[in-house]
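Engineer: Counting from 11, one number per residue, gives the positions in the sequence shown under my numbering.
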Amino acid sequence: VVPLWGRRAKRRRPDATYLEISGAGHCPHHESPECVNELLTRLLAEQGGEDAGLAGAEEGAAVAGAWPAAFSVRKLSGEPQGLWER
């Protein structure tokens, strides 16, 4: 998903969790499967009522994980990053 589209979707569903994986392109599940698998596992755990560290993370905060250092994950609010994103 293009980040612009993801942020727009987040604005329409404020209760959703929106994460961006920097260092990965348009196909993060191929480029960093460790990162995507861990995030999906954590999101599913939270849906089951467990605290996996995503729901309570501050907006804009980096999310710690066991993925390669080339990738970083941030939890974002979906707010526009410029005039063209409105």
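No residue lacks a Cβ here, since even glycine has one placed at the ideal position from N, Cα and C.
Note that the structure is predicted; figures quoted are calculated from it, not measured.
As a quick exercise: from E41, W94, L54, pick the residue whose alpha carbon is nearest that of G33.
Structural biologist: Along the sequence shown, read from residue 1 onward, the residue named residue 33 stands at position 23. Here the closest residue by C-alpha is E41.
Engineer: Return the residue from the list G16, P90, S87, P78 that minimises the CA-CA distance to E48.
Structural biologist: Within the sequence shown, the letter at position 38 stands for residue 48. The shortest Cα separation from E48 among G16, P90, S87, P78 belongs to P78.
Engineer: How would you write the range of the beta strand (DSSP E) that R84 sits in, first residue to last?
Structural biologist: Your numbering for residue 84 matches position 74 in the sequence shown. For R84, the enclosing beta strand (DSSP E) starts and ends at 82 to 86.
Engineer: When burial is assigned at 16 or more other CB atoms within 10 Å of the CB, is G88 buried or exposed?
Structural biologist: On the sequence shown, residue 88 is found 78 positions in, with the first residue counted as 1. Buried, because 16 or more other Cβ atoms sit within 10 Å of the Cβ of G88.
Engineer: At what residues does the beta strand (DSSP E) containing L64 begin and finish?
Structural biologist: For this step, residue 64 is matched to residue 54 along the sequence shown. L64 -> no beta strand (DSSP E), and no H or E assigned at all.
Engineer: According to DSSP, which residues form a beta bridge with S32?
Structural biologist: In the sequence shown, the residue the question calls residue 32 occupies position 22. Answer is S82.
Engineer: In the structure shown, what three-state DSSP assignment does A72 receive?
Structural biologist: Stepping through the sequence shown from its first residue, residue 72 is reached at position 62. A72: strand per DSSP, three-state reduction.
Engineer: Out of D61, W94, L14, H39, which has the shortest C-alpha to C-alpha gap to Y28?
Structural biologist: As a first step, residue 28 is located in the sequence shown; it is residue number 18 there, counting from the start. For Y28, the closest of D61, W94, L14, H39 by C-alpha to C-alpha distance is L14.
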